[in-house]
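**Q** Mapping of the sequence shown onto this note's numbering: position 123 corresponds to residue 358, and the numbering continues sequentially without gaps.
One structure, as structure tokens, below. Some questions next.
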Amino acid sequence: MTVKQHKWFKTGLKVLISGFLIYFIFTKISFKAVLDVIKTANVFYLVLAIVLFIVSKVLNALRLNLYFHAIEVTLTQLSNLKLYLLGMFYNLFLPGGIGGDAYKGYVIQKKFQVGTKRVISVLLLDRLSGMLLIFVFACVLVFFVENPLLQRFKWAFFVLIPFSVLVFWWVNKRFFSFVLQVFWGSFLYSAILQTAQLLAVVCILKALRIEEDQVAYLFVFLISSIVSVIPLTIGGIGSREVTFLYGSKWLELNSDTSIAVSFVFFLITALVSLFGVLYHFKKPDLTKVSPH
236 MTVKQHKWFK
246 TGLKVLISGF
256 LIYFIFTKIS
266 FKAVLDVIKT
276 ANVFYLVLAI
286 VLFIVSKVLN
296 ALRLNLYFHA
306 IEVTLTQLSN
316 LKLYLLGMFY
326 NLFLPGGIGG
336 DAYKGYVIQK
346 KFQVGTKRVI
356 SVLLLDRLSG
366 MLLIFVFACV
376 LVFFVENPLL
386 QRFKWAFFVL
396 IPFSVLVFWW
406 VNKRFFSFVL
416 QVFWGSFLYS
426 AILQTAQLLA
436 VVCILKALRI
446 EEDQVAYLFV
456 FLISSIVSVI
466 PLTIGGIGSR
476 EVTFLYGSKW
486 LELNSDTSIA
496 VSFVFFLITA
506 LVSLFGVLYH
516 FKKPDLTKVS
526 PH
């Protein structure tokens, strides 16, 4: 099997898995009920959710540029934002082609020649830094979710918060010491952007007129964000919804409403990512920061 055939086989498999998961979800819930929930959405809160999501993605791009600058890839913030948006478009809309991270790695190495290993390392660390804060926030929310099993192990989640941060810091120090100086800056960016994204989900909940169990919905959202990173589906389609489905059953939330929250978040992600098509046809110039 050639590289191209392998790529299309992998993409086809992801499409099949996503399709199967979506089909499975709608054998468990009412599609009409989900649509009814979305139809009654408050437009003001939806717009606010979109704004907050955009803020989170801008912060995400700034965090990545922090890593780039640490390996002497001195991109201007505007160039980096354009490249980041193009990467979002590729990740969601062109799964059969080059992925967003792979494309960013390719053009960065081609332009700056800082070493493929270093470029891949910072792209990986950027992702892991985000995952760390998602995990930390999920552990914090455990203390506010009314679930007997979670409450029984509160002490474990309390311990896991500093332990996970310490382990990630050690991994950075041991294997990626060349970017250790940006560890806490990245941590801060991750914390702020994750807060913005959680606030976006709060706005989605308000848009769908969900006033009860908001913390539980936020907790399920964070878990779904971790699950959706697993590269088994197209842009996390299906895996996020399945997580919401079973999370809602476990925490005794309304399943139709939970899936509606997941779909609205996906639609917002798709809407923002779609703007990256502008830089697909006219690739962004990778401008360096002017020396002082």
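Built from N, CA and C at the ideal position, the CB exists for glycine as well.
A quick note: this is a predicted structure, and the numbers were derived from the prediction, not measured.
#1: Measure the CB-CB distance between PHE303 and LEU294 and report whether it falls below 8 Å.
#2: Would you tell me roughly how many angstroms separate the C-alpha atoms of CYS374 and SER291, rounded to the nearest one?
#3: Hey, how far is the Cα of LEU453 from the Cα of GLU447?
#4: Return the first residue and the last residue of the alpha helix (DSSP H) that PRO383 is part of.
#5: Put LEU488 into one of helix, strand or coil per three-state DSSP.
#6: Quick one, are the C-beta atoms of LEU318 and LEU376 less than 8 Å apart?
#7: Shortest alpha-carbon distance to SER497 belongs to which of LYS517, VAL462, PRO383?
#8: Tell me where the alpha helix (DSSP H) around LYS352 begins and ends.
#9: Kindly provide the ranges of any alpha helix (DSSP H) runs that are 4 or more residues long and lie completely inside the region 403-491, ordered along the chain.
#10: By DSSP, does GLY332 sit in helix, in strand, or in coil?
#11: List the whole-angstrom C-beta distance separating LEU367 from VAL400, where the pair is believed to meet the contact cut-off of C-beta under 8 Å.
#12: How would you label LYS339, buried or exposed, when you count the other beta carbons within 10 angstroms and need 16 or more for buried?
#13: Where does the unbroken alpha helix (DSSP H) through LEU294 begin, and where does it stop?
#14: Secondary structure at LYS274, three-state DSSP: helix, strand or coil?
#15: Should PRO397 go down as buried or exposed, given a rule of 16 or more other Cβ atoms within 10 Å for buried?
#16: With H, G and I counted as helix, E and B as strand and the rest as coil, what does DSSP make of LEU521?
**A** Inspection of the coordinates gives the following:
#1: What you label residue 303 is simply residue 68 of the sequence shown in a count that begins at 1. What you label residue 294 is simply residue 59 of the sequence shown in a count that begins at 1. In this structure, LEU294 does not lie closer than 8 Å to PHE303 by Cβ.
#2: To locate residue 374, count along the sequence shown from 1; it is residue 139. To locate residue 291, count along the sequence shown from 1; it is residue 56. One C-alpha to the other measures close to 20 Å.
#3: By 1-based counting over the sequence shown, the position of residue 453 is 218. By 1-based counting over the sequence shown, the position of residue 447 is 212. Taking the straight line from one Cα to the other gives about 12 Å.
#4: Within the sequence shown, the letter at position 148 stands for residue 383. Start and end: 383-387.
#5: The residue labelled residue 488 in the question sits at position 253 within the sequence shown. Looking at LEU488 - three-state DSSP - the assignment turns out to be coil, as it is neither helix nor strand.
#6: Here residue 318 is taken as the residue at index 83 of the sequence shown, counted from 1. Here residue 376 is taken as the residue at index 141 of the sequence shown, counted from 1. Contact: no.
#7: What you label residue 497 is simply residue 262 of the sequence shown in a count that begins at 1. Taking only the C-alpha atoms, the option nearest SER497 is VAL462.
#8: Position 117 of the sequence shown, counting from 1, holds the residue named residue 352. It spans 351-377 - the alpha helix (DSSP H) in which LYS352 sits, taken as one unbroken run.
#9: 418-442, 449-463, 474-485
#10: Sequence index remark: in the sequence shown, residue 332 carries index 97 (1-based). Model confidence at GLY332 stands at a pLDDT of 46, short of 50, so the residue's coordinates are unreliable and nothing is read from them.
#11: Walking along the sequence shown from the start, residue 367 turns up at place 132. Walking along the sequence shown from the start, residue 400 turns up at place 165. Right, their Cβ atoms sit about 7 Å apart.
#12: The residue labelled residue 339 in the question sits at position 104 within the sequence shown. That one is buried.
#13: Sequence index remark: in the sequence shown, residue 294 carries index 59 (1-based). 278-305 is the span of the alpha helix (DSSP H), which, as asked, contains LEU294.
#14: Counting from 1 along the sequence shown, the entry for residue 274 is found at position 39. Helix at LYS274.
#15: Here residue 397 refers to the residue found at position 162 when the sequence shown is read from its first residue. By the neighbour-count rule (16 or more Cβ atoms within 10 Å), PRO397 is not buried but exposed.
#16: Within the sequence shown, residue 521 is the residue found at index 286, counting from 1. In the structure shown, LEU521 sits in coil (DSSP, three-state: anything other than H, G, I, E or B).
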